[in-house]
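Each remark here refers to the structure printed beneath this line.
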Amino acid sequence: MIPEKPLYEGKAKSVYLSENPDELIVVFRNDMTAFNGVKHDQFTDKGILNATASEFFMKMLEAEGIPTHYIRMAAPDTMIVRRLDMIPLEVIVRNIAAGSMTKKYPVAEGTVLERPVVSIDYKDDERGDPMINDDLIEVLHILPADELKQVKEMALKVNTVLSRFFDECGIRLVDFKLEFGKAAGKIYLGDEISMDSMRLWDKQTGESFDKDVYRFDKGDVITAYRNVLRRILPDGGKKD
Ligand code: 5GP
């Protein structure tokens, strides 16, 4: 049973308390936002599509030895997760220059980076999620240096696993954002891994299959998200 009031309401997910104090209930909503909430719409099935992708990738990463908050699905858009103390960092891994990187630095969109790059934003909507560095993370007591090292290593391992997988599906993993949290002193991957939080380009055509379709009005975002599931799921995402 989902309680009436959420514990926390994000831009695209609502989090509810569970009867089990170690677990939370995450509902993936149909809301889609961009540019820190300035653009906002709702799309039928969007919650289910992102929940399905997230379930698929969390299971894949667990099998590769990366601890995640995923426990089980309670409904196609509802995930039961381990309750974590979230670390307020957005850990971004980039393989190809795109998005804010090409706005901030002298590098052309589509440039393949010499090696994967980790950059970290401080998660704070009111401050516009500013980029942060290792020194600030330590001095502001956001995370001790050894745990930050662990988080970065986990993010790069996620990149290795996902990049290889997407490549086999004919998709380039351009960049993505992860969030982490802690429970009983252990670091887990939290939040979601979905088309909302990754940039995915078709290997042949360069077509976007991610939230950029919505951000920049490139076409039908639900068709793009369905294309990803069709390519990645063993049954081609037929249940959607
Ligand atoms: P950029 O820094 O270029 O805006 O984003 C880099 C990558 O991280 C993109 O795949 C983007 O979707 C993801 N990302 C960055 N910030 C956020 C955020 O606040 N929410 C979500 N869902 N994804 C983000």
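For the sequence shown, the tail end lands on 300 under our numbering, and the numbers increase by one without skipping. Glycine is no exception: its CB is placed at the ideal position from the N, C-alpha and C atoms.
Residues near residue i by beta carbon distance below 8 Å, same chain, minus five either side
{"i": "S74", "result": "P66, Y68, V86, V87 and R89"}
{"i": "D280", "result": "V273"}
Element boundaries [alpha helix (DSSP H), containing residue i]
{"i": "Y182", "result": "Unbroken run through Y182 is the beta strand (DSSP E), V172 to Y182; no alpha helix (DSSP H)."}
{"i": "F103", "result": "No alpha helix (DSSP H) contains F103, which DSSP labels as neither H nor E."}
{"i": "L249", "result": "From DSSP, L249 is part of no alpha helix (DSSP H) but of the beta strand (DSSP E) over K246 to L249."}
{"i": "A205", "result": "A205 to E228"}
{"i": "M161", "result": "S160 to K164"}
{"i": "A196", "result": "What sits at residue 196 in the sequence shown is Leu, not Ala. Segment D194 to V199, the alpha helix (DSSP H) holding L196."}
{"i": "L67", "result": "Per DSSP, L67 belongs to no alpha helix (DSSP H) and is neither H nor E."}
{"i": "R286", "result": "V281 to I292"}
{"i": "R275", "result": "D272 to R275"}
Residue i and residue j closer than 7 Å at C-beta
{"i": "R232", "j": "A158", "result": "no"}
{"i": "E150", "j": "D194", "result": "no"}
{"i": "R291", "j": "C229", "result": "yes"}
{"i": "G70", "j": "I147", "result": "no"}
{"i": "A284", "j": "R142", "result": "no"}
{"i": "L238", "j": "T128", "result": "no"}
Length of the line joining the Cα atoms of residue i and residue j
{"i": "A72", "j": "L289", "result": "19 Å"}
{"i": "E64", "j": "D105", "result": "22 Å"}
{"i": "G125", "j": "D251", "result": "18 Å"}
{"i": "P176", "j": "A205", "result": "20 Å"}
{"i": "I156", "j": "Y165", "result": "13 Å"}
{"i": "D300", "j": "I108", "result": "Low local confidence applies: a pLDDT of 48 at D300 is under 50, so the model's placement there is unreliable, with the coordinate-based value given in what follows. Approximately 8 Å, taken between the alpha carbons."}
{"i": "D295", "j": "E122", "result": "21 Å"}
{"i": "D256", "j": "V199", "result": "31 Å"}
{"i": "R154", "j": "E83", "result": "31 Å"}
{"i": "R132", "j": "M161", "result": "35 Å"}
{"i": "A168", "j": "D227", "result": "22 Å"}
{"i": "L208", "j": "H201", "result": "11 Å"}
{"i": "S114", "j": "S268", "result": "18 Å"}
{"i": "K183", "j": "D189", "result": "5 Å"}
{"i": "N96", "j": "E79", "result": "32 Å"}
{"i": "F276", "j": "L77", "result": "35 Å"}
For residue i, the nearest candidate out of the options (CA to CA)
{"i": "I247", "options": "A111, F116, A215 and T112", "result": "A215"}
{"i": "T220", "options": "M120, D101, D91 and Q102", "result": "M120"}
{"i": "M139", "options": "V273, V167, D145 and N110", "result": "N110"}
{"i": "I253", "options": "D270, G266 and K263", "result": "D270"}
{"i": "L144", "options": "M61, V211 and G245", "result": "G245"}
{"i": "E213", "options": "Q102, S179 and A284", "result": "S179"}
{"i": "F103", "options": "R291, I282 and I152", "result": "I282"}
{"i": "Y274", "options": "I62, F236, I197 and D91", "result": "D91"}
{"i": "D185", "options": "E115, D262, A94 and D137", "result": "A94"}
{"i": "T265", "options": "I152, M146, P127 and G170", "result": "G170"}
{"i": "V234", "options": "D262, H100, Y285 and L203", "result": "D262"}
Where the beta strand (DSSP E) containing residue i begins and where it ends
{"i": "F240", "result": "F240 to A243"}
{"i": "I85", "result": "E83 to F88"}
{"i": "I152", "result": "L149 to I156"}
{"i": "I133", "result": "The sequence as given places Met at residue 133; Ile does not occur at that position. Y130 to A135 is the extent of the beta strand (DSSP E) around M133."}
{"i": "S74", "result": "K73 to L77"}
{"i": "R142", "result": "T138 to R142"}
{"i": "D91", "result": "D91 to A94"}
Close Cβ partners of residue i (< 6 Å) along its chain, the five nearest in sequence each way excluded
{"i": "M191", "result": "D181"}
{"i": "I197", "result": "L203 and L208"}
Sequence-distant residues of the same chain with beta carbon closer than 7 Å to residue i, five excluded per side
{"i": "K278", "result": "S268 and D272"}
heavy atom of the ligand ZN below 6 Å from residue i C-beta
{"i": "M146", "result": "The ligand content of the structure shown is limited to the ligand 5GP, which means the ligand ZN is not among them."}
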